[in-house]
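Last residue of the sequence shown: 1027 in my numbering, with the numbers rising by one and none dropped.
Positions of the beta carbon are idealized from the N, C-alpha and C atoms, including for glycine.
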Amino acid sequence: MPGLFITGTDTGVGKTYVTCYLAEKLRREGIDVGVMKPISTGPAAEDDALYLKKKLKLNDPLELINPVHLKHPLAPYPAAKLERKKLDLKKILKTYKELEKRHDTVLVEGIGGVAVPITKDYFVIDLIKAMKLPVIIVARAGLGTINHTMLTLGALIDQHINIAGIIMNGFTGKDKAEKTNAEVIEKLSGVPILEKLKWSA
Ligand SMILES: Nc1ncnc2c1ncn2[C@@H]1O[C@H](COP(=O)(O)OP(=O)(O)OP(=O)(O)O)[C@@H](O)[C@H]1O
Ligand SMILES: [Mg+2]
């Protein structure tokens, strides 16, 4: 089974939440799932990689789950620039290969959305291409998501990236747009909505 790259229409849309959800679901089916956050930024204590390691009780060392950590809570390009650090993109691909050997499948959580810069001329979408993984897009449930999701789909389709589907996250039952968004996106794009997840807090 190939791995999956979990991207989002934006930061904070629920990529980590969905990564946990999918990992737990696959595990229930008897699949050994590895998880990777190729680049994390910001305080270590709030780190997605640490959260995923603890929540999913992952045995892999943190350096494999998260090969690149930058301390400023910014997109990787400005975060690396502030630290005067050169990002090692080859290390990310090598680490993925190692995780792939250790598990039946690997879920890779992206960084923000597809147009987030990793260097000045290398974006998350370029990383997706380099990793050669099909993509799941995590999108918000409510108003505004049609625009964000269609823009994300357009960028991925332009680059001939394989899209496994969309997961809409955070249905509250209170936003009128939630009732029609999924159907509209499916109809306009032809890409399946794989799940509609409720806001569970
Ligand atoms: N369906 C949900 N029900 C309850 N809480 C949720 C749900 N989805 C996301 N959250 C919460 O919303 C916040 C943002 O979600 P999450 O961290 O998964 O976003 P993200 O896309 O991974 O963000 P980042 O771009 O920082 O990696 C978190 O506190 C998370 O626990
Ligand atoms: Mg996250």
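- The DSSP assignment places complete beta strand (DSSP E) segments of no fewer than 3 residues inside the stretch 979-1011 at 989-997, in order along the chain.
- Ligand 1 never approaches ASP1001 closely enough for any of its heavy atoms to be under 7 Å from the residue's Cβ.
- Only residues of its own chain outside the window of five on either side were considered, and among them TYR903 and LEU913 have a CB closer than 7 Å to the CB of THR945, listed in chain order.
- Between the alpha carbons of GLY996 and ILE1019 lies a distance of about 14 Å.
- Of the residues ALA871, GLU1009 and ASP858, the one whose Cα lies closest to the Cα of GLY968 is GLU1009.
- Membership of MET862 in the beta strand (DSSP E) is indicated by the continuous run 859-862.
- VAL859 places its beta carbon 8 Å or farther from that of ALA875.
- For THR921, the CB contacts under 6 Å within the same chain, skipping 5 residues up- and downstream, are LEU890 and PRO893 in chain order.
- Boundaries of the alpha helix (DSSP H) around PRO902: 902-909.
- Under the three-state reduction of DSSP, HIS974 is assigned to helix.
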